[in-house]
Amino acid sequence: MLQVLERSPFHITDSVEEAIEGCKLIMVVTPAFAHEEIARSCARHLEDGQIIVLNPGRTGGAMEFYKIVREINPEIRVTVAEAQTLIYACRRKGESEVVIHGTKKTVSLAALPSRETPKVLEEVNKYYPQFTAAENVLETSLLNIGAIFHPTPSLFNMGRIECQDDFKYYIEGITPSIAKILERLDDERVRIAKMLDVKTLTTREWLKAVYDVENEDMYSTIQMNEVYANIGAPKEANTRYITEDIPMSLLPLAELGRLVGVLTPTMDEIIDLASTMHNKNYRKEGRNLSKLGIDNMTVDELTRYVDEGSIN
């Protein structure tokens with residue numbers, strides 16, 4: 001059970017400077033497409049010793065945020081961390097209400113550089129005991145299951161979404177045929193992790209660890225998950241399942257594959273399909289290797305970078 005701490009008064013402000021002044025822990029709980037703007041808006045106002053947690057970071061969130069802060073404010077000494085996913089399985093209901101369908105049993109977290117992870121957990125665990133240490137931000141980024149579950153079912157159900165059909169996203173939207181594509185995407189993700197020597201779980205192993213459900217294949221495992229039973233599908237073509245999880249999740253996974261020489265034909269097809277459907281160049285706009293600040297690194301340099309915060 002989450003601990004509720006009494007703090008009074010609470011303040012709401014539209015000033016980034018005012019919001020983060022004097023804060024030891026800054027929790028960024030937004031879609032990943034807002035991370036770049038938030039990093040740029042707060043970089044000059046950060047204070048030495050502050051901890052920023054992207055909750056969640058999606059793929060490469062901490063690397064992108066860290067790069068931007070260092071470029072704008074190179075003398076500042078802060079720690080940027082990312083959660084593998086959001087603790088809550090929740091959805092907005094109307095303009096002022098959120099429905100929490102379930103709470104995850106465990107969520108991994110890592111800091112950049114990774115040596116700061118214990119310090120981050122010491123602070124975050126005061127409020128969220130579910131957070132556990134990941135080896136580094138490559139582990140949290142490569143375990144971004146949203147990259148597997150979000151874009152592909154949305155694209156293959158786009159006719160229903162644009163017609164405003166009322167259907168259950170996971171239970172009805174992920175059919176046996178769509179689940180086969182998810183299995184292929186997951187195979188590519190796991191191969192990338194292996195080439196980076198990063199431990200990871202298959203999506204089915206993750207479902208067992210987080211929701212305690214398991215079965216013989218992806219489709220049947222999803223069908224067993226009671227937390228997913230009442231989660232509805234998006235109602236618009238520009239759902240964040242595509243606008244967030246293509247450029248901020250699936251694309252950087254494919255980019256990491258390119259860095260280590262792993263072919264990602266299924267990921268590439270989904271990225272290109274989404275780009276065509278939305279008339280966007282997600283490969284240019286999304287978290288490519290350049291935006292993550294790792295475009296000229298070898299695998300060994302990347303490992304040293306996430307562990308030490310520098311390759312010098």
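Take 1 as the starting number for the sequence shown in UniProt numbering and just add one per residue.
We put the CB at the ideal spot given by N, CA and C, even for glycine.
Just to confirm, are residue i and residue j a CB contact at a threshold of 8 Å?
i           : j      : result
Thr59       : Pro265 : no
Ile271      : Leu250 : yes
residue 350 : Leu155 : Only positions 1 to 312 of the chain appear in this structure, which leaves residue 350 out of reach.
Gly232      : Ser141 : no
Ile294      : Pro151 : no
Gly61       : Glu82  : yes
Thr175      : Asp186 : no
Glu162      : Val198 : no
Phe167      : Gly173 : yes
Tyr211      : Ile246 : no
Gln130      : Lys235 : no
Gln223      : Ile178 : no
Gln84       : Leu109 : yes
Identify which residue in the options has its Cα closest to the Cα of residue i.
i      : options                        : result
Gly261 : Glu269, Gly309, Ile192         : Ile192
Val29  : His45, Leu54, Val99, Glu21     : Leu54
Val107 : Ile145, Cys163, Ser114         : Ile145
Glu17  : Arg40, Pro31, His45, Phe33     : His45
Tyr88  : Glu188, Tyr228, Gln223, Ala39  : Tyr228
Arg77  : Ala43, Pro247, Leu86, Leu109   : Ala43
His278 : Arg258, Glu244, Glu64          : Glu244
Asp300 : Ser290, Met195, His11, Ala209  : Met195
Met248 : Ile20, His11, Glu64            : Glu64
Gly286 : Ala254, Leu263, Thr298, Gly309 : Ala254
Leu259 : Lys284, Ser290, Ala32, Ile68   : Ser290
Gly309 : Pro74, Arg91, Glu214, Lys284   : Pro74
Pro31  : Leu86, Ile68, Ile12, Phe10     : Leu86
Look up residue i in the DSSP assignment and say whether it is helix, strand or coil.
i           : result
Phe10       : coil
Cys42       : helix
Lys119      : helix
Glu97       : strand
Ala233      : coil
Glu226      : helix
Ala134      : coil
Val4        : Residue confidence for Val4 is low, a pLDDT of 47 falling below 50, so the modelled location carries little weight; the figure read from the coordinates is stated next. Note: Val4 maps to coil in three-state DSSP.
Pro56       : coil
Lys126      : coil
Thr239      : coil
Leu182      : helix
Met27       : strand
Val306      : helix
Arg92       : strand
Thr175      : coil
Ser154      : helix
Thr103      : strand
Ile51       : strand
Leu201      : coil
residue 348 : The displayed coordinates of the chain run from 1 to 312. Any statement about residue 348 would go beyond what the structure contains.
In whole angstroms, what separates the C-alpha of residue i from that of residue j?
i      : j      : result
Gln3   : Thr103 : With a pLDDT of 49 at Gln3, under the threshold of 50, the modelled position of this residue cannot be trusted; read the value that follows with caution. About 14 Å.
His101 : Ile148 : 20 Å
Thr221 : Trp206 : 11 Å
Tyr66  : Lys180 : 36 Å
Val190 : Tyr128 : 28 Å
Leu201 : Thr239 : 27 Å
Asn230 : Met27  : 28 Å
Lys93  : Ala34  : 21 Å
Ile311 : Glu97  : 45 Å
Val80  : Arg70  : 11 Å
Lys126 : Thr276 : 45 Å
Met267 : Tyr219 : 19 Å
Arg40  : Ile72  : 8 Å
Val124 : Val99  : 23 Å
Leu263 : Glu183 : 15 Å
Asp14  : Glu95  : 18 Å
Asn136 : Ala237 : 34 Å
Determine, using beta carbons only, whether residue i comes closer than 8 Å to chain C.
i     : result
Glu82 : Included in the structure is just one protein chain, with no chain C present.
> Touching or not, the segment 302-309 and the segment 110-130, by the rule of three or more beta carbon pairs under 8 Å?
Replying inline: yes
> Should the segment 40-49 be regarded as contacting the segment 12-24, the criterion being three or more beta carbon pairs within less than 8 Å?
Replying inline: yes
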